[in-house]
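Here is the structure we will look at.
In the UniProt record's numbering, the protein residues as written are 1 to 624.
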């Protein structure tokens with residue numbers, strides 16, 4: 001921390017500068033601001049205008065993906081990979097202060113997506129986003145369009161009248177600048193600096209079940225019961241004279257008059273015929289009723305929060321935000337403060353589900369086509385979060401895994417179905433053996449998930465890749481030392497690929513089949529620029545998107561069904577003009593080597609996400 005006159009002559013009872021600096025990682029911005037107002041010493045020490053150490057820590061807190069397995073645990077071996085956003089920004093803007101880097105990252109990093117258009121998973125459609133041109137679309141004809149073939153900026157908090165995007169200030173704690181993106185099979189999840197969670201398109205599951213309620217059960221749905229209860233609460237009236245009719249008084253009633261003769265009844269009266277045909281009995285009828293769904297509609301309106309100017313991105317809430325899940329009888333009333341009270345700090349996505357961790361170290365899961373609001377997940381039998389917090393969260397193709405302090409890696413593929421009044425669900429979990437070390441050579445520093453409860457992880461020694469299979473089996477994967485140079489410091493995977501990083505600035509890719517590595521497929525991932533290296537990557541079903549130290553995007557793999565997920569242009573252009581790909585079936589293109597994605601302007605990428613047949617990146621365009 002910068003030296004100042006007050007640092008050596010601090011107030012009696014005040015902590016020395018080195019102690020203050022060591023506590024910064026455990027304080028949020030509000031805590032730091034309050035501490036700076038305590039006295040002149042702390043105000044000088046924590047000066048938001050001058051302290052670069054302070055601004056570096058704020059950047060690290062806001063834009064380092066600390067709570068997911070996108071980044072390894074911090075060690076001296078993996079320091080250069082931690083965190084990607086910091087490393088890229090420092091490399092791109094070496095002479096810019098941390099204060100300015102924070103503002104630049106907050107203001108200028110925009111979300112770009114490309115790939116399959118189905119279900120508006122890109123956060124827009126071919127029609128809704130004016131930035132999409134005819135040349136940007138893949139299809140079999142002018143009528144049938146399947147995907148976007150290059151990165152396109154997503155409308156984000158527009159003013160609703162034009163496509164200009166609203167700029168938020170870096171100092172605004174309610175800023176909607178994007179911290180993290182995560183890719184599922186049918187959508188993207190987006191986390192903002194204010195702790196709000198958004199999802200693209202109308203479905204994150206694609207109607208597929210994720211690691212949710214066991215045995216194909218369903219969580220208790222209070223909405224269905226509430227609607228039935230309200231409808232059944234209205235009395236039914238039996239008309240016994242003439243043709244027997246049972247009516248529900250939630251609507252208007254017009255009694256049958258099959259043999260009416262004489263003057264036409266007035267609109268305010270309806271004549272009921274007696275058995276002898278007399279017309280002297282009149283039944284007053286009930287007019288149009290109030291809308292019995294008013295409260296439900298009001299609640300739905302509050303709970304449907306779309307990005308201004310973009311109806312294809314919606315905010316996601318949890319069950320804890322709505323009294324209807326816990327009250328009996330159900331209440332549709334909404335407390336606005338409760339609705340927005342949960343702040344998230346980490347997101348991760350699987351094929352048809354995603355997890356989110358909040359500031360209180362509570363874990364929420366969206367894991368079933370019927371799960372619109374996140375379900376709180378607990379691990380019954382494990383120590384409390386106060387002594388053993390969740391440190392990192394991760395999703396596999398069809399399961400979840402978290403790292404809990406002094407417990408280790410915890411895996412689950414299902415949970416208990418919620419009963420009436422319950423707000424949390426117990427996970428059916430397993431603990432991977434010998435992963436609980438918090439120090440020493442056996443400490444787990446990184447892990448990644450494939451499918452069917454398969455987890456790969458590495459420890460501090462960095463000489464072994466461990467593979468966990470279901471039923472508690474752990475295998476050691478021996479990597480050929482003549483091909484893999486250096487200690488393992490980072491590991492990332494997608495459905496069919498596993499990539500390991502070493503402390504020699506090298507990374508290697510292997511094919512994964514049924515959860516196991518195929519050693520004969522081991523390949524070093526080399527870039528066309530020898531001065532650059534891959535820092536992080538994300539995988540979809542069959543393609544991988546990577547970001548480098550210089551902030552460039554590289555992609556390789558298979559682009560399925562004209563989806564455009566590679567972002568390299570139309571398939572014919574990739575194969576016939578660029579000569580970097582080959583046809584892999586009638587509508588699929590395969591690119592074997594990491595290939596740079598070019599944009600119209602020079603750019604810096606600070607984050608990537610891929611899932612299914614789509615890709616996303618956070619991009620800062622440089623001034624030309």
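All C-beta atoms in this analysis are idealised placements derived from N, C-alpha and C, irrespective of residue type, glycine included.
Rounded straight-line distance, which links the Cα of residue j to that of residue i
i           : j           : result
residue 447 : residue 364 : 20 Å
residue 626 : residue 218 : Since the displayed the chain opens at 1 and closes at 624, residue 626 lies outside it and no answer follows.
residue 611 : residue 418 : 29 Å
residue 75  : residue 392 : 15 Å
residue 295 : residue 120 : 29 Å
residue 208 : residue 193 : 30 Å
residue 378 : residue 213 : 13 Å
residue 161 : residue 309 : Interpretation of residue 161 is limited by its pLDDT of 39, a score under 50 that renders its predicted location unreliable; the figure taken from the coordinates is listed afterwards. Taking the straight line from one Cα to the other gives about 7 Å.
residue 144 : residue 227 : 40 Å
residue 502 : residue 329 : 58 Å
residue 553 : residue 225 : 49 Å
residue 562 : residue 152 : 17 Å
residue 134 : residue 473 : 52 Å
residue 126 : residue 431 : 45 Å
residue 52  : residue 46  : 10 Å
residue 591 : residue 571 : 11 Å
residue 166 : residue 109 : For residue 166, the pLDDT reaches just 39, beneath the cut-off of 50, and the residue's location in the model is therefore unreliable, leaving the point undetermined.
residue 368 : residue 220 : 13 Å
residue 335 : residue 303 : 11 Å
Nearest candidate by alpha-carbon position, reference residue i, set the options
i           : options               : result
residue 588 : 358, 595 and 147      : 147
residue 634 : 319, 386, 329 and 416 : With the chain represented from 1 up to 624, any question about residue 634 goes unanswered, as that position is not in the structure.
residue 593 : 327, 555 and 617      : 555
residue 618 : 349, 156, 375 and 424 : 156
residue 352 : 324, 327, 395 and 384 : 395
residue 200 : 117, 60 and 379       : 117
residue 387 : 375, 405 and 378      : 405
residue 188 : 205, 177 and 176      : 205
residue 27  : 57, 47 and 42         : 57
residue 599 : 621, 561, 581 and 607 : 621
residue 191 : 443, 452, 48 and 349  : 349
residue 412 : 565, 469, 362 and 579 : 469
residue 113 : 475, 182 and 441      : 182
residue 491 : 371, 507 and 133      : 507
residue 538 : 312, 307, 500 and 603 : 500
residue 427 : 211, 344, 62 and 529  : 211
Buried versus exposed, by CB contacts within 10 Å (16 or more), residue i
i           : result
residue 614 : buried
residue 609 : buried
residue 403 : buried
residue 583 : exposed
residue 400 : buried
residue 149 : buried
residue 380 : exposed
residue 420 : exposed
residue 551 : buried
residue 543 : buried
residue 579 : exposed
residue 288 : Because residue 288 carries a pLDDT of 49, less than 50, the predicted location of this residue cannot be relied on, and no value is offered for it.
residue 475 : exposed
residue 416 : buried
residue 333 : exposed
N- and C-terminal bounds of the beta strand (DSSP E) containing residue i
i           : result
residue 533 : Careful: residue 533 lies outside any beta strand (DSSP E) and carries neither H nor E.
residue 504 : No beta strand (DSSP E) holds residue 504; DSSP gives it neither H nor E.
residue 415 : 408–415
residue 520 : 516–524
residue 84  : Counting along the chain, residue 84 falls outside any beta strand (DSSP E), though it belongs to the alpha helix (DSSP H) covering 84–92.
residue 363 : 363–366
residue 108 : Counting along the chain, residue 108 falls outside any beta strand (DSSP E), though it belongs to the alpha helix (DSSP H) covering 98–108.
residue 603 : 603–611
residue 320 : It is not in any beta strand (DSSP E) - residue 320 carries neither H nor E in the DSSP assignment.
residue 457 : 455–459
Proximity of residue i and residue j at Cβ, strictly below 8 Å
i           : j           : result
residue 346 : residue 339 : no
residue 124 : residue 96  : no
residue 408 : residue 436 : yes
residue 460 : residue 445 : yes
residue 479 : residue 465 : yes
residue 86  : residue 60  : yes
residue 523 : residue 533 : no
Range covered by the alpha helix (DSSP H) that runs through residue i
i           : result
residue 301 : 294–303
residue 35  : 29–36
residue 55  : 52–63
residue 559 : Careful: residue 559 lies outside any alpha helix (DSSP H), inside the beta strand (DSSP E) at 553–559.
residue 338 : 336–339
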